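What follows is a short report on a single structure.
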Amino acid sequence: MNQHTLMILGRATRDAQELESKTGKGFIKFSVAVNEYRGKNTDARVVFYDIASFARSAKSTAKRVRKGDIVFVTGTPELNQYEDKQGNAKAGISVLANYVSPFNYEKMSVEATGNVDDSTDVLKIY
Numbered sequence: 018m019n020q021h022t023l024m025i026l027g028r029a030t031r032d033a034q035e036l037e038s039k040t041g042k043g044f045i046k047f048s049v050a051v052n053e054y055r056g057k058n059t060d061a062r063v064v065f066y067d068i069a070s071f072a073r074s075a076k077s078t079a080k081r082v083r084k085g086d087i088v089f090v091t092g093t094p095e096l097n098q099y100e101d102k103q104g105n106a107k108a109g110i111s112v113l114a115n116y117v118s119p120f121n122y123e124k125m126s127v128e129a130t131g132n133v134d135d136s137t138d139v140l141k142i143y
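Quick note on the numbering used here: the sequence shown kicks off at 18 and runs consecutively.
Shown next as structure tokens:
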């Protein structure tokens, strides 16, 4: 059996929503933006991914994924083709996530030599 797995590290573009499927199964849904830098002579571009997770931990994860947070996601990518309101053909990538880990920065005071307090960013992985 072959399966694609996609790993994404980006920023949540909206808070995670708790939803329920037609069959009554709970899941979460949110989007992630990834900046792609391709060198000095080219413009960076942003790729957006729609994320859905049916994992057992989805409900607790939904409480921790907030707009602007850095999020690590692994899952199976799916290509979605659709038409916009003007009738133009569009495509997007959605990911059925099997793992979602929000990264949250917290300010922490660190005592430096000479009794001077410096403020540093500490990355917490949940």
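No residue lacks a Cβ here, since even glycine has one placed at the ideal position from N, Cα and C. Here the structure is a predicted model, which is why all the values come from computation and not from measurement.
Handout entry: Cβ-based burial, residue 70 [other Cβ within 10 Å; buried from 16]
Key = buried
Exercise for the section: Between the Cα of residue 120 and those of 88, 103 and 111, spot the shortest distance and give me the residue it belongs to. Expected result: 88
Exercise for the section: Compare the beta carbon distance of residue 90 and residue 25 with 8 Å and say whether it is the shorter of the two. Expected result: yes
Practice task
Could you check what DSSP says for residue 118 in three-state terms: helix, strand or coil?
Solution key: strand
Practice task
Let me know the alpha helix (DSSP H) ranges lying completely inside the segment 20-106, each 4 residues or longer, listed in chain order.
Solution key: With a minimum length of 4 residues, the continuous alpha helix (DSSP H) runs that stay inside the segment 20-106 are 75-81.
Problem - Burial state of residue 65, where buried means 16 or more other Cβ atoms lie within 10 Å - result: exposed
Problem - 8 Å Cβ shell around residue 37 - same chain, five flanking residues per side excluded - result: Only 43 and 44 meet the Cβ criterion.
Handout entry: Buried/exposed call for residue 27, threshold 16 Cβ in 10 Å
Key = In summary, residue 27 is buried, with 16 or more beta-carbon neighbours lying within 10 Å of its beta-carbon over all protein chains present.
Exercise for the section: Compute the Euclidean distance between the alpha carbons of residue 59 and residue 79, then round it to the nearest angstrom. Expected result: 36 Å
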